[in-house]
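Residues in the sequence shown are numbered from 10 upward in steps of one, following this note's numbering. From the three backbone atoms N, C-alpha and C, an ideal C-beta is built for every residue, glycine too. In what follows, a structure is listed as structure tokens, so that the remarks can point back to it.
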Amino acid sequence: MTAPTRSCLAACAVLVLAGSVAHAETEPAALVDQQHCMFCHTRDAPFLAPSFQQIAERYRNVPDAQFKLEHKLRLGGKAHWGDMAMPLPADRGGPLSADDAHTLVQWVLSQ
Numbered sequence: 010m011t012a013p014t015r016s017c018l019a020a021c022a023v024l025v026l027a028g029s030v031a032h033a034e035t036e037p038a039a040l041v042d043q044q045h046c047m048f049c050h051t052r053d054a055p056f057l058a059p060s061f062q063q064i065a066e067r068y069r070n071v072p073d074a075q076f077k078l079e080h081k082l083r084l085g086g087k088a089h090w091g092d093m094a095m096p097l098p099a100d101r102g103g104p105l106s107a108d109d110a111h112t113l114v115q116w117v118l119s120q
């Protein structure tokens, strides 16, 4: 492989990785609206539930956190902070696909 080809491949890899990071940090606004996330959460301050930043800080380095949070988002769940539980999907805007739950959790954990 020639040096220019290696340089081109390296540049492409950097762009792909940068796109992945940017994607995770870009708010999935349609999903946030559909699931009524902002009814209970804010980005940076507790409201009726913990902020997205608090959730990220608590779970960022927890093994299997992504899976556990996606599961809770898709099915609802008991309160882990305060008295408010994650509402059932029917009470938040309807069912959430595994891919959409993954997108939301990635975004929250990127805060």
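### Task
With a cut-off of 8 Å on the beta carbons, I'd call Q57 and M93 a contact; round off their distance for me.
Counting from one through the sequence shown, the residue named residue 57 turns up at place 48. Counting from one through the sequence shown, the residue named residue 93 turns up at place 84. Before going on, a small fix: residue 57 reads as Leu here, not Gln. Yes, L57 and M93 are in contact; Cβ-Cβ is about 6 Å, under 8 Å.
### Option in Q43, S60, A38 with minimal Cα separation from Q120
Counting from 1 along the sequence shown, the entry for residue 120 is found at position 111. Checking every option, the nearest Cα to that of Q120 belongs to S60.
### Query
Using the C-alpha atoms, what's the distance from W116 back to A39?
The count along the sequence shown starts at 1 and reaches residue 39 at position 30. The count along the sequence shown starts at 1 and reaches residue 116 at position 107. A39 and W116: Cα-Cα distance of roughly 13 Å.
### Query
Skipping 5 residues on each side, what residues in its chain have a beta carbon closer than 7 Å to that of D53?
For this step, residue 53 is matched to residue 44 along the sequence shown. Within its own chain, the residues whose Cβ lies closer than 7 Å to the Cβ of D53, once the five positions on either side in sequence are excluded, are S60, Q62, listed in chain order.
### Task
May I ask you to report which of helix, strand or coil DSSP gives M93?
Indexing the sequence shown from 1 puts residue 93 at position 84. Looking at M93 - three-state DSSP - the assignment turns out to be coil, as it is neither helix nor strand.
### Task
Assign A33 to one of three DSSP states: helix, strand, or coil.
Position 24 of the sequence shown, counted from the first residue, corresponds to residue 33. In this prediction, A33 scores a pLDDT of 48, lower than 50, which makes its location untrustworthy; no coordinate-derived value is stated.
### Message
Taking the straight line between their C-alpha atoms, what separation do you get for S106 and R83?
### Response
Taking the sequence shown and counting its residues from 1, one reaches residue 106 at position 97. Taking the sequence shown and counting its residues from 1, one reaches residue 83 at position 74. Cα-Cα distance, rounded: 7 Å.
### Query
Measuring CA to CA, which of P104, I64, T35 is closest to W90?
Position 81 of the sequence shown, counted from the start, is the residue given in the question as residue 90. Ranking the options by Cα distance to W90, first place goes to I64.
### Straight-line gap, A74 to Y68 (C-alpha atoms, nearest Å)
On the sequence shown, residue 74 is found 65 positions in, with the first residue counted as 1. On the sequence shown, residue 68 is found 59 positions in, with the first residue counted as 1. Approximately 6 Å between the Cα atoms of the pair.
### Query
Per DSSP, what kind of secondary structure is S119 in: helix, strand or coil?
The residue labelled residue 119 in the question sits at position 110 within the sequence shown. In this structure, S119 counts as coil in the three-state DSSP scheme.
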